[in-house]
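Chemist: Chains as they are written, first to last, in numbering that gives the first Met the number 0: chain A, 0 to 163; chain Z, 0 to 163; chain V, 0 to 163; chain C, 0 to 163.
For glycine and all other residues, C-beta sits at the position ideal for the given N, C-alpha and C.
Note that this is a predicted model, so its numbers are computed, not measured.
The structure follows.
There are 4 protein chains.
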Amino acid sequence: MSQLLTVQAGAVAPPWRVERWLNAAQPPTLGALRGRVVVLHAFQMLCPGCVAHGLPQARALHATFAGEGVAVVGLHTVFEHHDAMKPVSLAAFVHEYRIDFPVGIDAHDGADPVPLTMQAYGMRGTPTLIVIDRDGRVRLHAFGRVEDLVVGALIGRLLGQASG
Amino acid sequence: MSQLLTVQAGAVAPPWRVERWLNAAQPPTLGALRGRVVVLHAFQMLCPGCVAHGLPQARALHATFAGEGVAVVGLHTVFEHHDAMKPVSLAAFVHEYRIDFPVGIDAHDGADPVPLTMQAYGMRGTPTLIVIDRDGRVRLHAFGRVEDLVVGALIGRLLGQASG
Amino acid sequence: MSQLLTVQAGAVAPPWRVERWLNAAQPPTLGALRGRVVVLHAFQMLCPGCVAHGLPQARALHATFAGEGVAVVGLHTVFEHHDAMKPVSLAAFVHEYRIDFPVGIDAHDGADPVPLTMQAYGMRGTPTLIVIDRDGRVRLHAFGRVEDLVVGALIGRLLGQASG
Amino acid sequence: MSQLLTVQAGAVAPPWRVERWLNAAQPPTLGALRGRVVVLHAFQMLCPGCVAHGLPQARALHATFAGEGVAVVGLHTVFEHHDAMKPVSLAAFVHEYRIDFPVGIDAHDGADPVPLTMQAYGMRGTPTLIVIDRDGRVRLHAFGRVEDLVVGALIGRLLGQASG
C-alpha cells in the first residue's frame, strides 16, 4: 500500500466513513467530538498485534481518560480476509473481549479491498493509532505499537491545551 | 452444561467427530496416532483465554515436542456465536496466528449448540486441554489454564512410558 | 509508619538530603533542576516491586523524556535491612541493572531507620513515585505501582505548562 | 571462564562445597537426596536474569513438585561483585523474594573469584540450571533461560524412572 498518503500531524482529521456502529446509541462524529481529545484505534479483529497490544491499550485509554475529556473510538478497517471478519463476527469479538467504547465498521466502496476511512487517513495497516486534538487536527498517526508512556504524554499535553 | 460427563483420566479417549480439517493433508485419527502422546487443544477462535494462553501453549508444545513423539491437534469446539466463527473465519484466524498443527472443526448434530466431540469428552468450555497417552487413554482433562511446568511434566512422564 | 505526613500535591518539594550520589558528575539539586519536570523514584534495591515495576518504569521515563525537559532521579531510601543494602551493594546493583540516571543515597540521622528525605516527603514505603513540576511543586506522590498511561499523561501535561 | 570444564549430562554430580546454608535446618547433601530428582539453581542475587526468570522458575518448581519427589536447592555462586553480595545481603534478598527452599552459599578458596562448586560443575555464569536424577547423575546443565515446558518434561521423565 505504498501509494497511500498518510495524513500528517497537523492536518485536519478527515471525516469517518462508517457503515455501521457497535456500542453507540448515537453515531459519533468528529464534529460532535470537537472540544475533546479523540483517540481513534484502527484494528482488524484477526490481527494478532491488535488483539495483543492495540486493543488492550485502547481499553485502558478509555478506562483511564473517558471521564477527563478523551473519547476513544474503534474503527474496524478490514482490508484483507473480508469474508472472515463480517459484522456478525466482529459483534461477537467485541462482546467476548469486553470492548466497551464505540466501534465503527469502516465502509467499502465497490471492489476496493481497502475501506474508505483507511484510505482517507492513509493508514498502512493495523493496528494504527491516531490522536486528534480538541480542534480536530491529527496529532499522532502511528502504525504498530506505541508505548503507553508516549501515548499518555501526548494525551496529557493535548488535554492541557484549550480548544480553539 | 452441568449435564455433561467429563471423560476421566484413565478412560479410553473417544473418537473425534470432525467435519473438516485445516493444516492436515491426512485427517489425523486416534488410531493412526496410537503409539504417540497426543495433546488435544480444544478452543474457540473468539475465546480470549484461548488466544492469550491456550493456543500459544499449544504452539509451543508443537514446536518443542513434535520431533519427540508428541502430536499436537487443535479442535475448534464452537458452542456459542456459531455464525461468528464459521470455517472461513477460522481459516483466516489459523493463518494470521501462524498455527501450524492440524485443526479439526468439531461437528454439530442438528440443533444442538454443543458439538459432538465436545459432548463425547464432556468438556465444560474453552480452552480445554486433553492429553492422551501412547495407548489412547486420557491422562489429563483440564478446563482453563494449566501451567507449562505441569503440562511438560506429564508429557515427559508419558514419553518415558513404553506403549502397552 | 502511620505517623508520617505525606507531602501533598501542590506543596513545595522539600530539598533532598543525600549522603552520596551515583551516576552524577554534579550532584543534582531541586534548585538546579528548576524549569524542568522532575521524576523522583524512591526505591530499595531489595524491594521486589521496585525491581519488577518501579525501576523499569524509571528507566523508560529517562529513555523517553530525558531529551524533552524531564529529569529522572533515583533515591535509595533504605528503611529496613540496612546492612544488606550498603553503598557497595547498591553500586553493583546499579551497574548490573544498567541504571543510567543519577541515584542518590538518602541520608540517615543517627539511629532512626527511616532516612531523612523519605521522612521529609512522608513516604510510606517503596517504590514511591514523586513528580515535581517546573516550579518545584509536588504534583504526584504515589506509593506502589502507577500505570504508564497515568504517569505519561501527567508528564505531558506538566511539560506543556510554562514555568513560573 | 573458557578454561572451565562443564560437567556433562550423564556424569556423576560432584559434591556441593557450601560455606553456609539458608532455609535449611539440616544441610542438604547429594547423598541424603539420593532417590529424589534434584534441581540445583545456581544464581547471584544481583544477576537480573536470575531475578527475572531463574528464581521465579525455581520457586515454581518447588511449589509444584516438592511433594512429588523433587528437591529444589539454590546455590549462591558469587564470582563477581563479592563485596556487594555478602551473606547479610543474601539473607535479606531471600527474605524479600520469599524464597522458601534451601540456599547454599558456594564456598571460596583463597583468592580465586570463582567459588568451588561452580568450578567443580564447570558453570559458565548465572543463572545455571542443573538437574540431577535419582541416582545422582547430571541430566541437564544449562546456562541461561530454559523454558518451563522443557524443564517440566525432563522432570516428568526422571520422576517416572525408578532409582538404581
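Short of 6 Å in beta carbon distance, which residues of its chain neighbour Leu3(A), apart from the five on each side in sequence? Order them along the chain.
Modeler: Looking up residue 3(A) in the first sequence gives position 4. For Leu3(A), the predicted model reports a pLDDT of 41, less than 50, meaning its position is unreliable and no value from the coordinates is stated.
Chemist: Taking just the CA atoms, how far does Gly34(C) sit from Ile131(C)?
Modeler: Mapped onto the fourth sequence, residue 131(C) falls at position 132. Mapped onto the fourth sequence, residue 34(C) falls at position 35. When rounded, the distance between both Cα atoms is 10 Å.
Chemist: Using 8 Å as the threshold, is the C-beta distance between Arg136(V) and Val37(V) below it?
Modeler: Numbered from its first residue, the third sequence carries residue 136(V) at position 137. Numbered from its first residue, the third sequence carries residue 37(V) at position 38. It is not a contact, given that the beta carbons lie outside the stated cut-off.
Chemist: Taking only three categories from DSSP, how would you classify Val145(Z)?
Modeler: In the second sequence, counting from the first residue as 1, residue 145(Z) sits at position 146. Three-state result, Val145(Z): coil.
Chemist: Rounded to whole angstroms, how far is the Cβ of Pro13(V) from the Cβ of Ala90(V), which I believe are closer than 8 Å?
Modeler: What you label residue 13(V) is simply residue 14 of the third sequence in a count that begins at 1. What you label residue 90(V) is simply residue 91 of the third sequence in a count that begins at 1. That belief does not hold up - the Cβ atoms of Pro13(V) and Ala90(V) are roughly 26 Å apart, past 8 Å.
Chemist: Exposed or buried, Ala83(A), counting other C-beta atoms within 10 Å across all chains shown (16 or more means buried)?
Modeler: For the purposes of this step, residue 83(A) is identified with residue 84 of the first sequence, where counting begins at 1. Counting Cβ neighbours within 10 Å, Ala83(A) comes out buried, since at least 16 surround it.
Chemist: Kindly list, in the order they appear in chain A, the residues whose Cβ is closer than 8 Å to that of Cys46(Z).
Modeler: Residue mapping note: residue 46(Z) aligns to position 47 of the second sequence, counting from 1. Ordered by position in chain A, the residues that pass the 8 Å Cβ test against Cys46(Z) are Glu95.
Chemist: Under a three-way DSSP split, which group does Glu18(V) fall into?
Modeler: As a working mapping, residue 18(V) is identified with position 19 in the third sequence. In this structure, Glu18(V) counts as strand in the three-state DSSP scheme.
Chemist: Check the Cβ-Cβ distances between His80(Z) and every residue of chain A, and say whether any is below 8 Å.
Modeler: Here residue 80(Z) refers to the residue found at position 81 of the second sequence. Yes - at least one Cβ of chain A is within 8 Å of the one on His80(Z).
Chemist: Taking just the CA atoms, how far does Pro114(A) sit from Thr125(A)?
Modeler: The sequence position of residue 125(A) within the first sequence is 126, counting from 1. The sequence position of residue 114(A) within the first sequence is 115, counting from 1. One C-alpha to the other measures close to 12 Å.
Chemist: Beta strand (DSSP E) containing Val37(V): first to last residue?
Modeler: For the purposes of this step, residue 37(V) is taken as the residue at position 38 of the third sequence. Here the beta strand (DSSP E) through Val37(V) covers 36-42.
Chemist: Do you know offhand how far Arg156(C)'s Cα is from Ala152(Z)'s?
Modeler: One-based indexing of the fourth sequence puts residue 156(C) at position 157. One-based indexing of the second sequence puts residue 152(Z) at position 153. Their backbone Cα atoms lie some 7 Å apart in a straight line.
Chemist: What number of angstroms, rounded off, separates the C-alpha of His80(V) from the C-alpha of Gly48(V)?
Modeler: The residue labelled residue 80(V) in the question sits at position 81 within the third sequence. The residue labelled residue 48(V) in the question sits at position 49 within the third sequence. Their Cα atoms are separated by approximately 16 Å.
Chemist: Taking DSSP as the reference, what is the three-state secondary structure of Arg58(V)?
Modeler: Your numbering for residue 58(V) matches position 59 in the third sequence. In the structure shown, Arg58(V) sits in a helix (DSSP, three-state: H, G or I).
Chemist: For His107(A), report the span of its beta strand (DSSP E) as first-last.
Modeler: Taking the first sequence and counting its residues from 1, the one referred to as residue 107(A) is at position 108. Neither: His107(A) is in no beta strand (DSSP E) and is coded neither H nor E.
Chemist: Name the chain V residues whose beta carbon is nearer than 9 Å to that of Ala91(C)?
Modeler: Position 92 of the fourth sequence holds residue 91(C). Simply Leu45, Glu79, His80, Asp82, Ala83, Met84.
Chemist: Return the first residue and the last residue of the beta strand (DSSP E) that Ala70(Z) is part of.
Modeler: Locating residue 70(Z) in the second sequence gives position 71, counting from the first residue. 69-75 is the span of the beta strand (DSSP E), which, as asked, contains Ala70(Z).
Chemist: Roughly how many whole angstroms lie between the Cα atoms of Ala57(A) and Val149(A)?
Modeler: Taking the first residue of the first sequence as position 1, residue 57(A) is located at position 58. Taking the first residue of the first sequence as position 1, residue 149(A) is located at position 150. Approximately 14 Å between the Cα atoms of the pair.
Chemist: Using a 10 Å radius around the Cβ and a threshold of 16 neighbouring Cβ atoms, would you call Asp99(A) buried or exposed?
Modeler: Start at 1 with the first residue of the first sequence, and residue 99(A) comes out as number 100. Asp99(A) comes out exposed.
Chemist: Mind checking which residues open and close the beta strand (DSSP E) that includes Val93(V)?
Modeler: Counting from 1 along the third sequence, the entry for residue 93(V) is found at position 94. Premise fails: Val93(V) lies in the alpha helix (DSSP H), 86-95, not in any beta strand (DSSP E).
Chemist: Exposed or buried, which one is Gln43(Z) when buried takes at least 16 other CB atoms within 10 Å?
Modeler: Residue mapping note: residue 43(Z) aligns to position 44 of the second sequence, counting from 1. The residue in question, Gln43(Z), is buried, as its Cβ has 16 or more Cβ neighbours within 10 Å.
Chemist: Measure the CB-CB distance between Gly30(A) and His40(A) and report whether it falls below 8 Å.
Modeler: Position 31 of the first sequence, counting from 1, holds the residue named residue 30(A). Position 41 of the first sequence, counting from 1, holds the residue named residue 40(A). Not in contact: Gly30(A) and His40(A) (Cβ atoms no closer than 8 Å).
Chemist: Check His52(Z) in the structure and name its three-state DSSP category.
Modeler: Translated into the one-based positions of the second sequence, residue 52(Z) becomes position 53. Looking at His52(Z) - three-state DSSP - the assignment turns out to be helix.
Chemist: Against Gly159(Z), what residues of chain C qualify as contacts under a CB-to-CB distance less than 8 Å, listed in chain order?
Modeler: Position 160 of the second sequence, counting from 1, holds the residue named residue 159(Z). In chain order: Gly155, Arg156, Gly159, Gln160.
Chemist: Can you look up Thr28(C) in the DSSP assignment and give me helix, strand or coil?
Modeler: One-based indexing of the fourth sequence puts residue 28(C) at position 29. Looking at Thr28(C) - three-state DSSP - the assignment turns out to be coil, as it is neither helix nor strand.
Chemist: For Ala57(A), return the contacting residues in chain V, with the cut-off set at a CB-CB distance below 7 Å.
Modeler: Along the first sequence, one-based indexing puts residue 57(A) at 58. The contacting residues do not exist; Ala57(A) stays about 11 Å from chain V at best.
Chemist: Three or more C-beta pairs closer than 8 Å, one from the segment 99-111 of chain C and one from the segment 19-28 of chain C: is that the case here?
Modeler: The segment 99-111 of chain C vs the segment 19-28 of chain C: in contact.
Chemist: DSSP state of Thr127(V), grouped into three classes?
Modeler: Against the third sequence, residue 127(V) aligns to sequence position 128. Of the three classes helix, strand and coil, the one that applies to Thr127(V) here is strand, per DSSP.
Chemist: Would you identify the three-state DSSP class for His80(Z), choosing helix, strand or coil?
Modeler: Numbered from its first residue, the second sequence carries residue 80(Z) at position 81. Note: His80(Z) maps to coil in three-state DSSP.
Chemist: How would you call Arg144(C), buried or exposed, if buried means at least 16 neighbouring beta carbons within 10 angstroms?
Modeler: Taking the first residue of the fourth sequence as position 1, residue 144(C) is located at position 145. Counting Cβ neighbours within 10 Å, Arg144(C) comes out exposed, since fewer than 16 surround it.
Chemist: Using a Cβ-Cβ cut-off of less than 8 Å, give me the residues of the segment 128-155 of chain V that come near chain E, in sequence order.
Modeler: Checking the listed chains, one finds no chain E in this structure; the protein chains it contains are A, Z, V and C.
Chemist: What's the C-alpha gap between Val171(V) and Leu60(V)?
Modeler: Beyond the ends of chain V as shown, which are 0 and 163, falls residue 171(V); an answer cannot be given.
Chemist: Kindly identify the DSSP beta-bridge partner or partners of Leu157(A).
Modeler: As a first step, residue 157(A) is located in the first sequence; it is residue number 158 there, counting from the start. Looking at the DSSP assignment, Leu157(A) forms no beta bridge with any residue, so it has no partner.
Chemist: Give the range of the alpha helix (DSSP H) segment to which Ala65(Z) is assigned.
Modeler: As a first step, residue 65(Z) must be located in the second sequence, where it is residue number 66. Taken as a continuous stretch (DSSP letters only), Ala65(Z) belongs to no alpha helix (DSSP H), as it is neither H nor E.
Chemist: Going by beta-carbon coordinates alone, are Thr164(C) and Ala110(C) separated by less than 8 Å?
Modeler: This structure cannot settle anything about residue 164(C), because the visible part of chain C is limited to 0 through 163.
Chemist: Rounded to the nearest angstrom, what separates Leu158(Z) and Asp147(V) at their Cα positions?
Modeler: Residue numbering aside, residue 158(Z) sits at position 159 when the second sequence is read from its first letter. Residue numbering aside, residue 147(V) sits at position 148 when the third sequence is read from its first letter. Approximately 45 Å between the Cα atoms of the pair.
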